[in-house]
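Peer 1:
There are 2 protein chains.
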Amino acid sequence: MPDHHRLPILPAAEAAPSLGADAAVSGSHVRSLDDVRARHDLMQIGDLARETGKTVRAIHLYEELGLLEPAARSKGGYRLYGSEALTRIRWIGKLQDMRFSLGDIQTIVREWERAGSAPDAMKRMREVYARKLEDTRQQRQRLEALEHELASSLDYLDTCNDVCEPQRLLSACNCCDLHEKSDEVPELVLGFRAAGAQPTLPRRGTRAP
Amino acid sequence: MPDHHRLPILPAAEAAPSLGADAAVSGSHVRSLDDVRARHDLMQIGDLARETGKTVRAIHLYEELGLLEPAARSKGGYRLYGSEALTRIRWIGKLQDMRFSLGDIQTIVREWERAGSAPDAMKRMREVYARKLEDTRQQRQRLEALEHELASSLDYLDTCNDVCEPQRLLSACNCCDLHEKSDEVPELVLGFRAAGAQPTLPRRGTRAP
DNA sequence: CTACACCATGACGTGTACGTAAGACTGTAA
DNA sequence: TTACAGTCTTACGTACACGTCATGGTGTAG
Numbered sequence: 009m010p011d012h013h014r015l016p017i018l019p020a021a022e023a024a025p026s027l028g029a030d031a032a033v034s035g036s037h038v039r040s041l042d043d044v045r046a047r048h049d050l051m052q053i054g055d056l057a058r059e060t061g062k063t064v065r066a067i068h069l070y071e072e073l074g075l076l077e078p079a080a081r082s083k084g085g086y087r088l089y090g091s092e093a094l095t096r097i098r099w100i101g102k103l104q105d106m107r108f109s110l111g112d113i114q115t116i117v118r119e120w121e122r123a124g125s126a127p128d129a130m131k132r133m134r135e136v137y138a139r140k141l142e143d144t145r146q147q148r149q150r151l152e153a154l155e156h157e158l159a160s161s162l163d164y165l166d167t168c169n170d171v172c173e174p175q176r177l178l179s180a181c182n183c184c185d186l187h188e189k190s191d192e193v194p195e196l197v198l199g200f201r202a203a204g205a206q207p208t209l210p211r212r213g214t215r216a217p
Numbered sequence: 009m010p011d012h013h014r015l016p017i018l019p020a021a022e023a024a025p026s027l028g029a030d031a032a033v034s035g036s037h038v039r040s041l042d043d044v045r046a047r048h049d050l051m052q053i054g055d056l057a058r059e060t061g062k063t064v065r066a067i068h069l070y071e072e073l074g075l076l077e078p079a080a081r082s083k084g085g086y087r088l089y090g091s092e093a094l095t096r097i098r099w100i101g102k103l104q105d106m107r108f109s110l111g112d113i114q115t116i117v118r119e120w121e122r123a124g125s126a127p128d129a130m131k132r133m134r135e136v137y138a139r140k141l142e143d144t145r146q147q148r149q150r151l152e153a154l155e156h157e158l159a160s161s162l163d164y165l166d167t168c169n170d171v172c173e174p175q176r177l178l179s180a181c182n183c184c185d186l187h188e189k190s191d192e193v194p195e196l197v198l199g200f201r202a203a204g205a206q207p208t209l210p211r212r213g214t215r216a217p
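Heads up: the protein sequence lines correspond to chains X and C, in order. Each residue of the first sequence is one higher than the one before, counting from 9 in my numbering. Each residue of the second sequence is one higher than the one before, counting from 9 in my numbering.
#1: Please give me, in chain order, every unbroken run of the alpha helix (DSSP H) with length at least 4 that falls completely inside the stretch 51-112 of chain C.
#2: In angstroms, rounded to a whole number, what distance separates the CA positions of S125 of chain X and P174 of chain C?
#3: In whole angstroms, give me the CA-to-CA distance for H156 of chain X and Q104 of chain C.
#4: Skipping 5 residues on each side, what residues in its chain have a beta carbon closer than 7 Å to that of I100 of chain C?
#5: Which same chain residues, not among the five before or five after Y164 of chain X, have their C-beta less than 8 Å away from its C-beta?
#6: Which of the three DSSP states is assigned to P127 of chain X in this structure?
#7: To the nearest angstrom, how far is the alpha carbon of L94 of chain X from that of L162 of chain C?
#8: Does G61 of chain X have its Cβ less than 8 Å from a Cβ in chain C?
#9: Would T95 of chain C pass as an interface residue toward chain X - the criterion being a Cβ-Cβ separation below 8 Å?
#10: Taking a cut of 9 Å between CB atoms, which residues from the stretch 183-197 of chain C lie near chain X?
#11: Check whether the Cβ of T144 of chain X lies closer than 8 Å to any Cβ atom in chain C.
#12: Please confirm if S125 of chain X has its CB atom under 8 Å from at least one CB of chain C.
#13: Quick one: measure Cβ to Cβ for T144 of chain X and L158 of chain C, integer angstroms, because I've assumed they're closer than 8 Å.
#14: Would A80 of chain X and L50 of chain X be called neighbours here (beta carbons separated by less than 8 Å)?
#15: Could you check whether N169 of chain X and P127 of chain C sit closer than 8 Å to each other, using their CB atoms as the reference points?
#16: Using a Cβ-Cβ cut-off of 8 Å, state whether F108 of chain C counts as contacting chain X.
#17: Who are the near neighbours of C184 of chain X in its chain, counting only those whose CB is closer than 6 Å to its CB and skipping five residues on each side?
#18: Quick one: is R211 of chain C near chain X, going by C-beta distance under 8 Å?
#19: Compute the Euclidean distance between the alpha carbons of F108 of chain X and A180 of chain X, then round it to the nearest angstrom.
#20: Can you grab the Cα-Cα spacing for the pair K189 of chain X / R122 of chain C, in whole Å?
#21: Under three-state DSSP, which class holds Q146 of chain C?
#22: Straight-line CA distance for I97 of chain X to R118 of chain C?
#23: Output yes if chain X places a C-beta closer than 8 Å to the C-beta of Q147 of chain C; else output no.
#24: Going by CA-CA distance only, name the one from X:A66, X:G61 and X:P78 that's closest to A202 of chain C.
#25: Assign E92 of chain C to one of two classes, buried (16 or more other C-beta atoms within 10 Å of its C-beta) or exposed (fewer than that).
#26: Identify the continuous alpha helix (DSSP H) that holds A195 of chain X and give its terminal residues.
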């Protein structure tokens with residue numbers, strides 16, 4: 009067999025130089041292409057998808073947006089990725105968890121790529137992260153507050169289950185005297201009762217959208 | 009002036025019975041319609057929008073979805089809301105903050121309206137809230153973790169700014185020896201370097217989407 | 001009466017992050 | 001060689017939570 013049958017790889021750039029052969033190897037079914045690719049630590053898009061939990065489509069999208077590029081292509085045009093792709097995709101996921109949109113990430117990546125020097129790039133990234141730390145903090149505090157509201161609502165609802173007569177009607181809830189007077193009705197509970205359709209007069213045809 | 013000039017209100021149901029005249033009154037420009045409506049604690053959709061920070065369109069949407077109904081309509085068809093609408097809309101907002109979609113809220117509201125008795129309804133709602141408390145907790149923990157990652161990334165980037173030579177190139181970052189050996193490169197920083205386009209060989213035309 | 005801000009209804013548009021399908025090609029095993 | 005899963009590009013579809021007209025009526029002041 010001539011050489012080009014073994015594995016025709018067209019590297020997009022020089023292969024990652026100093027990385028040892030310690031890449032993530034999916035422990036499942038081994039095909040012979042894997043054997044060959046393994047010499048270069050390369051996996052194809054489906055493997056990458058499995059490892060990251062993203063779909064192939066999502067990875068395609070990231071590439072369209074310039075967030076990710078395959079390390080190489082097979083002769084037939086298959087995308088081949090090294091283990092840095094895993095890092096990159098997980099990184100994207102984390103930024104998404106922080107509520108960066110893909111557009112934001114695009115901007116970040118472009119800034120990074122256009123940075124003059126290393127400390128310059130680091131400085132820009134520091135700013136982005138510093139701002140995001142602030143509103144991540146705020147978001148978390150909001151969630152904390154909601155958690156407390158949820159907890160006290162559960163408390164309140166427990167009283168309902170404990171002391172309310174089983175046949176009591178919802179309409180009688182507005183003048184309920186079974187809770188401690190000190191118990192303010194939590195807003196999360198109040199909301200159920202306010203301004204909905206009239207449950208006792210169900211004259212609206214159920215128009216499910 | 010005949011009576012129907014004063015305020016032709018067609019109540020959708022009996023007005024909220026036991027609520028005192030303590031409704032939220034926007035302290036701004038008072039028009040005479042307000043005067044009249046004030047006797048019934050009613051505001052029109054624009055006022056409601058201002059008070060809640062939502063748009064008129066959003067409120068319309070909530071109504072289409074069955075999440076909210078005006079307490080009454082003016083003779084001319086204007087929607088008129090009591091103060092429970094404020095409660096309701098703020099409630100919707102909180103549920104949205106907990107990552108309930110409007111569709112979820114729709115389901116919740118329908119379940120509530122179809123509940124047989126009061127304790128029955130409370131039980132259902134308790135379950136919904138209990139589940140949500142769980143994943144609100146998880147979400148918050150995720151955010152906490154990200155906060156820590158952000159903080160240590162900022163730390164790491166500070167070192168870059170402090171000890172890196174101003175003209176060092178990004179490509180030299182991969183073999184950077186200026187950090188303590190104990191400093192693992194944070195993933196949030198690693199992500200920048202992995203698998204992007206090649207910054208040193210900018211041969212991709214900037215294809216901004 | 002007129003001006004003018006506000007509102008109603010209906011319908012179509014928008015941005016995000018993918019999903020889905022079509023039709024053709026690739027890589028490998030049997 | 002054939003079968004078959006995986007992949008390619010292209011392109012249109014989707015769900016969500018509204019935004020944005022267009023057209024016409026309403027409520028009140030001057």
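Where is the CB? At the ideal position from N, CA and C, for every residue including glycine.
Peer 2: The short version:
#1: As summarised for the stretch 51-112 of chain C, the continuous alpha helix (DSSP H) elements at least 4 residues long and confined to that stretch are 53-60, 64-72 and 92-105, given in chain order.
#2: The sequence position of residue 125 of chain X within the first sequence is 117, counting from 1. The sequence position of residue 174 of chain C within the second sequence is 166, counting from 1. Looking at the two C-alpha atoms, the distance is approximately 7 Å.
#3: Here residue 156 of chain X corresponds to residue number 148 of the first sequence, with the count starting at 1. Here residue 104 of chain C corresponds to residue number 96 of the second sequence, with the count starting at 1. Cα to Cα, the separation comes out at about 16 Å.
#4: Against the second sequence, residue 100 of chain C aligns to sequence position 92. Scanning its chain for C-beta atoms nearer than 7 Å, with the 5 sequence neighbours on each side dropped, one finds around I100 of chain C the residues Y70, L75 and I113, in chain order.
#5: The residue you call residue 164 of chain X lines up with position 156 of the first sequence. Excluding positions up to five away in sequence, the list reads H187, D191, V193, P194 and V197.
#6: Here residue 127 of chain X is taken as the residue at index 119 of the first sequence, counted from 1. It is helical.
#7: For this step, residue 94 of chain X is matched to residue 86 along the first sequence. For this step, residue 162 of chain C is matched to residue 154 along the second sequence. Cα-Cα distance, rounded: 22 Å.
#8: Here residue 61 of chain X corresponds to residue number 53 of the first sequence, with the count starting at 1. No, because no Cβ of chain C sits closer than 8 Å to the Cβ of G61 of chain X.
#9: The sequence position of residue 95 of chain C within the second sequence is 87, counting from 1. It does: the Cβ of T95 of chain C has a partner Cβ on chain X nearer than 8 Å.
#10: Near chain X, meaning a CB-to-CB distance below 9 Å, the residues of the stretch 183-197 of chain C are C183, C184, E195, L196 and V197.
#11: Position 136 of the first sequence holds residue 144 of chain X. True, the Cβ-Cβ gap to chain C drops below 8 Å.
#12: Indexing the first sequence from 1 puts residue 125 of chain X at position 117. Closer than 8 Å to the CB of S125 of chain X there is at least one CB belonging to chain C.
#13: For the purposes of this step, residue 144 of chain X is identified with residue 136 of the first sequence, where counting begins at 1. For the purposes of this step, residue 158 of chain C is identified with residue 150 of the second sequence, where counting begins at 1. Contact between T144 of chain X and L158 of chain C holds: CB atoms are separated by about 6 Å, below the 8 Å threshold.
#14: Residue 80 of chain X sits at position 72 when you count from the first residue of the first sequence. Residue 50 of chain X sits at position 42 when you count from the first residue of the first sequence. Taking a C-beta distance under 8 Å as the contact criterion, A80 of chain X and L50 of chain X qualify as a contact pair.
#15: By one-based count along the second sequence, residue 127 of chain C stands at place 119. By one-based count along the first sequence, residue 169 of chain X stands at place 161. Yes.
#16: Here residue 108 of chain C is taken as the residue at index 100 of the second sequence, counted from 1. It does not; no Cβ of chain X falls within 8 Å.
#17: Here residue 184 of chain X refers to the residue found at position 176 of the first sequence. Apart from sequence neighbours up to five positions away, no residue of its chain approaches C184 of chain X with a beta-carbon distance below 6 Å.
#18: For this step, residue 211 of chain C is matched to residue 203 along the second sequence. Any reading at R211 of chain C is ruled out, since the residue's pLDDT is 28, under 50, leaving its predicted position unreliable.
#19: As a working mapping, residue 108 of chain X is identified with position 100 in the first sequence. As a working mapping, residue 180 of chain X is identified with position 172 in the first sequence. Those two C-alpha atoms are separated by around 46 Å.
#20: Here residue 189 of chain X refers to the residue found at position 181 of the first sequence. Here residue 122 of chain C refers to the residue found at position 114 of the second sequence. Cα-Cα distance, rounded: 28 Å.
#21: In the second sequence, the residue the question calls residue 146 of chain C occupies position 138. The three-state secondary structure of Q146 of chain C, taken from DSSP, is helix.
#22: Stepping through the first sequence from its first residue, residue 97 of chain X is reached at position 89. Stepping through the second sequence from its first residue, residue 118 of chain C is reached at position 110. Rounded to whole angstroms, I97 of chain X to R118 of chain C spans 40 Å at the Cα level.
#23: Residue numbering aside, residue 147 of chain C sits at position 139 when the second sequence is read from its first letter. With 8 Å as the cut-off, Q147 of chain C counts as an interface residue toward chain X.
#24: Indexing the second sequence from 1 puts residue 202 of chain C at position 194. The candidate whose alpha carbon is nearest that of A202 of chain C is X:P78.
#25: Residue numbering aside, residue 92 of chain C sits at position 84 when the second sequence is read from its first letter. Result: buried.
#26: Working through the first sequence from its first residue, we reach residue 195 of chain X at position 187. Here the sequence assigns Glu to residue 195 of chain X, which means Ala is not the residue at that position. Here the alpha helix (DSSP H) through E195 of chain X covers E195 to R201.
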